[in-house]
Structures are given as structure tokens and as C-alpha cells.
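Chemist: Under the numbering used here, the first residue of the sequence shown carries the number 9, and numbering increases by one thereafter.
We treat Cβ as the ideally placed atom computed from N, Cα and C, and that holds for glycine.
Handing you a structure now.
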Amino acid sequence: MRENLVIDRDLEEKTQKLKNKFHTCFKWVHLLFTLDFRSGFKRLVEEYGQVVTEKINECLRLRHNIENRNSSLDFKKEIFRNIVNQINLQGRSADVTDKIMEEIEEKQPFRDGKIGWFPEYFLDEEASGIKFLDKFADRKKEKIIEISNQLRFKSVADWIINLHNLRQRGQTVMGPKSDDDFLKEHGYFDRVPIDVHSQRFLFRIGILHYYSEKYQPNPSKFFSTNYNEKYESFQKALVSFCRDFLSGIEIGGFDLAKNPGIVDLIIWRHCAESEEYHCKNICGDQPKCHRCCLKDSCLQYLLEVKRHFK
Ligand code: SF4
């Protein structure tokens, strides 16, 4: 009798553990079905497809010129300016960037048309209208001189193609984010930059959690002070997400699975503030979840709703 009682208690405990496991499992399966990332991104594509297609065409014009080895002065000017801006604008907020761009346009750099002014022209803050105001100014100026020396011996097209090859091998020239952003902006959509908008977005929606175990079993490293380590973990998560969830979803004939740079164009428009680029600032500093087409596919929203119905 005594023995039977012990066995029953054992059985009871085991049954309870099994029930708990089943319950946890059920909760996760439920969560995975609820977090339907793919449908969410289809809605994002519907919302931003048109403006992003216009941007893609702009980037493709540059890539076409690069691949056709355009060596005209106008094209060189455009590329030089993009390089300098990319370096100078690193780490600045969008409104400062817009102001600097306006100043550059007003002062019409490159007016003498000689290669000799580069980089001297840009480093003459008075003449170029470019302000190196931040604490990294010296480092940025050094980088511009270094790149201008590389460009004396290379065509801009060769320089960009080489940059792309280097990035594919994990090396950097201007810095990982600047390199990736520059390449994306010039039609290399296999490269995707990671900025503060994408970091917030990837965390909130749950993509970071989904890939955490694979790329960063210690989640604190996602927020590490080692910039390169943090950058790479976020980037790997976003690239894998595109490959695993977005296959067959297209914009302008580009499959999003293989073109994370285009996904970045969409995310940026959803999260950033710039009205000029048709950004809606929905998942910005302060998320406006009630207006967000992704809310049914977002971990943060789901947790928020669950908290209210507890
Ligand atoms: S539901 Fe809220 S947190 Fe989630 S993506 Fe949209 S705005 Fe961001």
C-alpha cells in the first residue's frame, strides 16, 4: 500500500512536468504562428513598395554607370561627393545631414573641374561648405585623404567594385556601416547597413530574439561596446531573416531573400523621420504601434497586448 502511494506520487509529478512542458511548447508554437513575420513584411511591401521602387531605380542608375565604367567628370564628381559625404556624415542625425547636403548644393563644389582639388577642396571647410564639426573630424579627414590617394591610381568604378569584394570578405575601408551603406546606395543590394533604426526594429519585432541562439548565445553582446561585434551580430540576424522568411517576396523584380539592402530601404522608411524620403516614423524613437501594419507580427506589440489582458 505504502509502495503504491510512492509510485502514484512519482507518477503525479511526472504527469505534471509533462503537462508543463506541453503547455510551454504549446505557448511557443502559438507564438510562432502568431508572429507571422512573412505576412507582416508583405504588408510593409504594399505600404512602401512604390517609394522604394523609385529609390531602387536611382541606385541602379549608379550601378549601371559603375559597371559600364563611366569615366565622365560628372560621374566622378558625383561619386567623390558621395564618398566624402558618407565619411563626414557618419554618426550624425538626419536633420544635420540634410543641412550639410543643402550647403554642399548651394556652394557647387567641383566648379573648377580638376582632379587636383580632391581632397583639398573638401578639407577647405570654407570653400566646400562641408563642416567637420564632430569629435571624429580629424579621423574623418585622414580617411578622406587616404581614399583620395587610392583614387589617384584607380577609376571610381574599380574602387567601388574593389570595395564590394573587400566587404564580401569581411574587410572594411570607410568603416563597416559606411561601406555597406555606400554600396547599397550604389545598387549593391546584397550589402545591408545596420543603423540605430534597424537595431531598434530588429529588437522590437523579435528577429533578434529569433536568431539570438544562433549568432549570439550571450544576448548582452548584441548591446556590447565593441562596435564591430555588435554590428556583425545584427547584420547576420537581418541577412538570415531575409533568406529564411522573405523568399519569393519581390520589389521591382528583386527577391527580398537575396537583397537585404532593399529590406533596409523599407525598414528605414518605416522607422526614420525624413519626410523628403517618405519616411513615416512609425517604429521610431517612440513606436506608434496603433498605426503600424506590422503589429500582428511584432513581438513587442504581442507582449504589450498580453500585458493588458493579464
Ligand atoms: S508594432 Fe510597434 S514595436 Fe512593432 S514594429 Fe510596429 S511600431 Fe514597432
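#1: Mapping DSSP to helix, strand and coil, what is Glu-284?
#2: Look at the Cβ atom of Ser-241, then the Cβ atom of Tyr-218, and state whether they are nearer than 8 Å.
#3: Between the C-alpha atoms of His-194 and Val-92, what's the straight-line distance to the nearest angstrom?
#4: Using only the alpha-carbon positions, how far apart do Arg-351 and Phe-230 sit?
#5: Residues in the same chain with beta-carbon distance under 7 Å from Asp-187, minus the five sequence neighbours each way, listed in chain order, please.
#6: Let me check understanding here. Comparing Cα to Cα, which of Tyr-309, Ile-274, Lys-162, Tyr-285 lies closest to Gly-57?
#7: Kindly indicate which three-state DSSP category Ile-257 falls into: helix, strand or coil?
#8: In the DSSP assignment, what are the bridge partners of Asp-263?
#9: Could you check if Tyr-309 belongs to the surroundings of ligand 1, using beta carbon to heavy atom distance under 7 Å?
#10: Say yes only if the C-beta of Arg-212 is nearer than 7 Å to one or more non-hydrogen atoms of ligand 1, and no if none qualify.
#11: Is Lys-50 near ligand 1, going by C-beta to nearest heavy atom under 7 Å?
#12: Can you give me the start and stop residues for the alpha helix (DSSP H) that Asn-76 sits inside?
#13: Which residues in the same chain as Lys-162 place their Cβ atom closer than 8 Å to its Cβ, once the five residues preceding and following it in sequence are excluded?
#14: Output the distance between the C-alpha atoms of Pro-225 and Lys-85, rounded to the nearest integer angstrom.
#15: Roughly how many angstroms separate the alpha carbons of Lys-288 and Glu-150, rounded to a whole number?
#16: Check Ser-305 in the structure and name its three-state DSSP category.
#17: What three-state label does DSSP hand Pro-201 in the structure shown?
#18: Between Leu-246 and ligand 1, is there a pair consisting of the residue's CB and a ligand heavy atom that are separated by less than 7 Å?
#19: Kindly indicate which residue of Asp-293, Arg-77, Tyr-239 has the alpha-carbon position closest to the one of Asp-189.
#20: Do Leu-43 and Leu-302 come within 8 Å of each other at the CB atom, strictly closer than that value?
#21: Counting pairs of beta carbons, one from the region 243 to 263 and one from the region 276 to 292, are three or more of them closer than 8 Å?
#22: What residues in its chain sit with their C-beta under 6 Å from that of Ile-87, if we drop five residues either side in the sequence?
#23: Whose CA, out of Gly-214, Arg-69, Arg-147, lies closest to the CA of Lys-192?
#24: Helix, strand or coil, according to DSSP, for Cys-300 in the structure here?
#25: Does the beta-carbon of Lys-148, which I'm using as the reference point, lie nearer than 7 Å to any heavy atom of ligand 1?
#26: If we count the other Cβ atoms within 10 Å of its Cβ and call it buried at 16 or more, is His-72 buried or exposed?
Modeler: Looking at the atomic coordinates:
#1: coil
#2: no
#3: 14 Å
#4: Summary: the structure shown does not reach residue 351, with the chain confined to residues 9 through 318, and so no result is reported for it.
#5: Counting only Cβ-Cβ distances below 7 Å, and skipping sequence neighbours, we find Leu-171, Arg-175, Thr-180, Val-181.
#6: Ile-274
#7: coil
#8: Glu-258
#9: yes
#10: yes
#11: no
#12: Per DSSP, Asn-76 lies in no alpha helix (DSSP H) and is assigned neither H nor E.
#13: Correct list, in chain order: Asn-170.
#14: About 45 Å.
#15: 36 Å
#16: helix
#17: coil
#18: no
#19: The residue from Asp-293, Arg-77, Tyr-239 with its alpha-carbon nearest to that of Asp-189 is Tyr-239.
#20: Taking 8 Å as the Cβ cut-off, Leu-302 and Leu-43 do not qualify as a contacting pair.
#21: no
#22: Val-164
#23: Comparing Cα positions, the closest option is Arg-69.
#24: Three-state result, Cys-300: coil.
#25: no
#26: exposed
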